[in-house]
Amino acid sequence: MQTSLSLAVDWRALGFDALTVHQLYALLRLRSEIFVVEQRCAYLDPDGKDLHPQALHLLGYDGDTLAASARILPPGLGYDGPSIGRVVVAATHRGTGLGHGLMREALNQLFLRWPGSEVQLGAQAHLADFYAAHGFSVASPVYDEDGIPHVTMRRPA
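Take any residue in the sequence shown, count from 1 to its spot, add 71: that is its number in the working numbering.
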């Protein structure tokens, strides 16, 4: 398995209309592999928010392989402020530090568009410590989303 020191990631932040059909296919496949198949959670991933003109899709490539992605949403599309969601790292790239790199890049991209904003996200409850390492704190009781315990988390401006 690769280490974070040897992993050179090519980050691309694109709006929906800028995604090629191959990028869109890879993105939807990666999200389905993890959120639907691995986590055994039947839900409709394409929720319409991907299409929003201000939604941003952060793609992390290891060579030609989509290894990680996150979705950055504008204020008012899910939360009052901008938010990060659909955070995913391919099973083949876990343990490399890529998840932390993904969150750093997602926050950088978000702050380029909405500087000085509070950031929110809905986290799987068992990942609260991961997000806490990026300045987030739990802001809600545990709630069920598609059969998985979640918490709302906030990162102050």
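We treat Cβ as the ideally placed atom computed from N, Cα and C, and that holds for glycine.
Quick check on residue i: buried or exposed, where buried means 16 or more other Cβ atoms within 10 Å of its Cβ?
i, result
"T163", "exposed"
"S140", "buried"
"A89", "exposed"
"Y150", "buried"
"L236", "Outside the shown range of the chain, which is 72 to 228, sits residue 236, and nothing can be said about it."
"G249", "What is shown of the chain runs 72 to 228, which leaves residue 249 out entirely."
"S211", "exposed"
"L169", "buried"
"V213", "exposed"
"L98", "buried"
"L183", "exposed"
Just reading off the alpha helix (DSSP H) that residue i is part of, what are its end residues?
i, result
"Q180", "L169 to R184"
"Y202", "A199 to A203"
When the cut-off is 9 angstroms and only beta carbons count, does residue i lie next to chain D?
i, result
"P146", "Looking at the structure shown, chain D is missing, and only one protein chain is on hand."
Given residue i, which residues of its chain have a CB within under 6 angstroms of its CB, disregarding the five upstream and five downstream residues?
i, result
"T91", "none"
"Y202", "A194 and M224"
"R83", "L130"
"L95", "none"
"Y132", "D81"
Taking 8 angstroms as the limit between beta carbons, can you name the residues of its chain near residue i, skipping five residues before and five after?
i, result
"D121", "F87, H128 and R142"
"S208", "M224, R225 and R226"
"T74", "Confidence at T74 is low in this model, with a pLDDT of 40, below 50, so the placement of that residue should be treated as unreliable; the coordinate-derived value is given next. Excluding positions up to five away in sequence, the list reads T167 and G168."
"R111", "none"
With residue i as the anchor, note down where its beta strand (DSSP E) starts and where it stops.
i, result
"A138", "T136 to L144"
"H128", "L127 to D133"
"R83", "D81 to L85"
To the nearest whole angstrom, what separates the beta carbons of residue i and residue j, a pair I think is in contact under 8 angstroms?
i, j, result
"P227", "E176", "No, P227 and E176 are not in contact; Cβ-Cβ is about 20 angstroms, not under 8 angstroms."
"H123", "P145", "7 angstroms"
"H221", "A204", "So it is not a contact: roughly 18 angstroms between Cβ atoms."
"D116", "F106", "6 angstroms"
Whose C-beta lies closer than 7 angstroms to the C-beta of residue i among residues of the same chain, with five residues either side of it excluded?
i, result
"L101", "L137, S140, V159 and A161"
"V108", "none"
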